[in-house]
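Novice: Take this structure first; my questions come after.
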Amino acid sequence: MVGWRRGKAISAQPINLHTDTFSALAEVAKEALARLSASRGRPYEASSALEPGEEHYVIPIAGLPSGSETVSFPPDTSTPAMSDLSSEPTPVALMVALGAVAEAVPLSADRLAGGTFLFYGISYGDGVDTVTFLRKHDPTQSLRRGFAVFSYGDTLKRISKPDFVLENDVDLVITSTTIFAFNKVVFEMIMSDVRVALQQVPQLAESVASALSTAVPLDGRSQEAISLVCSKSVSLAVRLRSLPARIASAGLTPEKVRASMVSHGEDASRLLDTDGTFNFGEDDVAAFLDVIEGRWFEDDFTAEKRRADRLSRR
Numbered sequence: 066m067v068g069w070r071r072g073k074a075i076s077a078q079p080i081n082l083h084t085d086t087f088s089a090l091a092e093v094a095k096e097a098l099a100r101l102s103a104s105r106g107r108p109y110e111a112s113s114a115l116e117p118g119e120e121h122y123v124i125p126i127a128g129l130p131s132g133s134e135t136v137s138f139p140p141d142t143s144t145p146a147m148s149d150l151s152s153e154p155t156p157v158a159l160m161v162a163l164g165a166v167a168e169a170v171p172l173s174a175d176r177l178a179g180g181t182f183l184f185y186g187i188s189y190g191d192g193v194d195t196v197t198f199l200r201k202h203d204p205t206q207s208l209r210r211g212f213a214v215f216s217y218g219d220t221l222k223r224i225s226k227p228d229f230v231l232e233n234d235v236d237l238v239i240t241s242t243t244i245f246a247f248n249k250v251v252f253e254m255i256m257s258d259v260r261v262a263l264q265q266v267p268q269l270a271e272s273v274a275s276a277l278s279t280a281v282p283l284d285g286r287s288q289e290a291i292s293l294v295c296s297k298s299v300s301l302a303v304r305l306r307s308l309p310a311r312i313a314s315a316g317l318t319p320e321k322v323r324a325s326m327v328s329h330g331e332d333a334s335r336l337l338d339t340d341g342t343f344n345f346g347e348d349d350v351a352a353f354l355d356v357i358e359g360r361w362f363e364d365d366f367t368a369e370k371r372r373a374d375r376l377s378r379r
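Just so we're aligned, residue 66 is where the sequence shown starts under the working numbering, counting upward by one.
Below, the structure written as structure tokens:
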């Protein structure tokens with residue numbers, strides 16, 4: 066199958082296969098399964114990073130946001146889409162679309178040749194119990210770069226351009242219950258496309274404000290700044306999810322926040338006003354998240370200011 070963006074929705078459509086493609090497609094799937102067996106699975110966390118070739122994320126689909134999306138099919142081949150999800154599609158709806166792809170009208174050769182695609186996938190199953198090996202790559206992109214394509218035997222010969230380039234690895238393995246991700250960036254980009262966290266930002270910001278109300282109040286300006294900044298960044302939006310639980314367990318007070326910032330060489334007035342209320346603008350949203358999560362520290366030997374993000378400098 067190939068998939069593409071259509072407004073805010075993601076659409077996908079199957080491609081008819083000749084039997085001589087089966088072995089190549091199977092090799093891609095086998096390689097992905099071998100990578101899963103050879104690497105360690107770990108839960109997805111926005112602040113984490115994978116060790117390439119050694120780890121993969123295991124993300125239960127049941128834990129991802131769901132909605133009332135339905136999957137619809139085009140009435141005829143003139144409509145270049147398998148399924149148009151709702152205006153705010155979720156990962157669950159994407160899984161439904163991938164599972165139902167076999168029921169759709171196959172993609173035409175003209176549509177493949179003239180289209181721009183977000184991903185392609187190799188899917189096995191009956192539409193109910195299905196596994197999809199997904200690669201976030203336009204399989205026709207590289208075909209448009211070269212002026213001419215050649216093969217080399219005894220002599221270099223010009224050949225017609227291929228229609229589809231299959232790569233030997235995948236980014237995601239998707240079953241009916243679980244997403245296995247080899248690439249964090251691709252997972253977050255795909256989930257961003259289906260708005261996994263961004264659609265929840267206003268509610269998450271409200272939850273953060275509620276959790277802080279009896280500890281260190283968050284003023285309206287700061288809550289609005291959090292909503293505006295995090296609605297533009299998947300990584301920040303995902304971090305908001307765990308913040309209320311962190312606030313509940315940290316025992317925050319204005320004095321503790323001031324002491325923490327001073328101990329790290331920061332001006333407490335950057336986030337707190339004289340009344341002990343969080344009061345900041347859009348530029349300091351990331352710093353607010355860092356402080357609440359306890360990400361700041363100093364190198365024991367050089368005293369360099371750092372944050373817990375792969376030894377990043379502050």
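All C-beta atoms, glycine included, are put in the ideal place defined by N, C-alpha and C.
1) So, for serine 143: in the same chain, excluding its five sequence neighbours on each side, which residues have a beta-carbon less than 6 angstroms away from its beta-carbon?
2) Can you grab the Cα-Cα spacing for the pair serine 300 / asparagine 81, in whole Å?
3) Mind reading off the beta-carbon distance from leucine 183 to isoleucine 75? Whole number of angstroms is fine, and I expect it under 8 angstroms.
4) Does the segment 353-364 come close enough to the segment 306-321 that 3 or more CB-CB pairs lie under 8 angstroms?
5) For aspartate 85 and histidine 121, I'd like the C-alpha separation in whole angstroms.
6) Grouping DSSP H, G and I as helix and E and B as strand, with all else coil, what is threonine 84?
7) Taking only heavy atoms of the ligand MN into account, decide whether any of them is closer than 7 angstroms to the Cβ of isoleucine 244.
8) Which residue's Cα is closest to the Cα of glutamine 265: Pro204, Phe229, Val303 and Ala324?
9) Taking the alpha carbon of glycine 285 as the point to measure from, which residue in Ala276, Thr279, Ser296 and Glu271 has its own alpha carbon closest?
10) Measuring straight from C-alpha to C-alpha, what distance separates leucine 237 and valine 273?
11) Output needed for glycine 346: all residues of its chain with C-beta closer than 6 angstroms, excluding positions within five of it in sequence on either side, in chain order.
12) Since phenylalanine 353 is in the alpha helix (DSSP H), which residue starts that stretch and which ends it?
13) Could you pull the DSSP bridge partners for proline 108 from this structure?
14) Rounded to whole angstroms, what's the CA-CA distance from serine 188 to glutamine 78? Just pull it up for me.
15) Quick one: is lysine 249 buried, meaning 16 or more other Cβ sit within 10 Å of its Cβ, or exposed?
16) I'd like the list of long-range same chain contacts for aspartate 141, defined as Cβ closer than 6 angstroms, with 5 residues on each side in sequence excluded.
17) Please list, in chain order, all residues of the same chain as alanine 97 whose beta carbon is under 6 angstroms from its beta carbon, the five residues on each side excluded.
18) How is serine 188 classed by DSSP in three states: helix, strand or coil?
19) Tell me which same chain residues have a C-beta within less than 8 angstroms of the C-beta of threonine 242, skipping the five on either side of it?
20) With 16 as the cutoff for other CB atoms within 10 Å, does proline 204 come out buried or exposed?
21) I'd like the span of the beta strand (DSSP E) that includes leucine 237, first residue to last.
22) Within the continuous alpha helix (DSSP H) that includes glycine 68, where are the two ends?
23) Check for me: the beta strand (DSSP E) holding alanine 199 runs from which residue to which?
24) Starting from arginine 304, follow the alpha helix (DSSP H) in both directions and report where the run begins and ends.
25) For glutamate 380, does the count of other Cβ atoms within 10 angstroms reach 16, so buried, or fall short, so exposed?
26) Using the rule of at least 16 other Cβ atoms within 10 Å of the residue's Cβ for burial, across every protein chain shown, is glycine 186 buried or exposed?
27) Report, in whole angstroms, the separation of the C-beta atoms of valine 251 and lysine 201, which I expect to be a contact under 8 angstroms.
Specialist: Once the coordinates are examined:
1) Residue placement at serine 143 cannot be trusted, given a pLDDT of 36 that sits under 50; the coordinates are not used to answer.
2) Going by the C-alpha atoms only, they are around 37 angstroms apart.
3) That pair is a contact at about 7 angstroms.
4) Contact holds: three or more Cβ-Cβ distances are below 8 angstroms.
5) Cα atoms of aspartate 85 and histidine 121: separation of roughly 31 angstroms, rounded to the nearest angstrom.
6) Three-state result, threonine 84: helix.
7) The model depicted lacks the ligand MN and carries no ligand whatsoever.
8) It is Val303.
9) Minimum Cα-Cα distance from glycine 285 among the listed residues Ala276, Thr279, Ser296 and Glu271 corresponds to Glu271.
10) Distance between the alpha carbons of leucine 237 and valine 273 is about 31 angstroms.
11) These residues qualify, in order along the chain: Ala290.
12) Counting along the chain, the alpha helix (DSSP H) containing phenylalanine 353 begins and ends at 350-358.
13) Beta-bridge annotation (DSSP): proline 108 is paired with Val123.
14) Taking the CA atoms as reference points, serine 188 sits about 12 angstroms from glutamine 78.
15) Classification for lysine 249: buried.
16) Low local confidence applies: a pLDDT of 34 at aspartate 141 is under 50, so the model's placement there is unreliable, with the coordinate-based value given in what follows. So the list is empty, once near-sequence residues are dropped.
17) Within the same chain, and ignoring the five residues on either side of alanine 97 in sequence, the residues whose Cβ sits closer than 6 angstroms to its Cβ are Phe198, Val235 and Val238.
18) Strand.
19) When the five nearest sequence neighbours on each side are left out, the beta carbons in the same chain lying within less than 8 angstroms of the beta carbon of threonine 242 are those of Pro125, Ile126 and Ala127, in order along the chain.
20) Flag for proline 204 reads buried.
21) That run of the beta strand (DSSP E) goes 237-239.
22) No alpha helix (DSSP H) holds glycine 68; the beta strand (DSSP E) holding it covers 67-71.
23) Alanine is not the amino acid found at residue 199; the sequence shown has leucine there. Start and end: 195-200.
24) It spans 299-306 - the alpha helix (DSSP H) in which arginine 304 sits, taken as one unbroken run.
25) The structure shown does not extend to residue 380, since the chain is modelled only from 66 through 379, so no value can be given for it.
26) Flag for glycine 186 reads buried.
27) Approximately 5 angstroms separates the beta-carbon atoms of valine 251 and lysine 201; this is inside 8 angstroms, confirming the contact.
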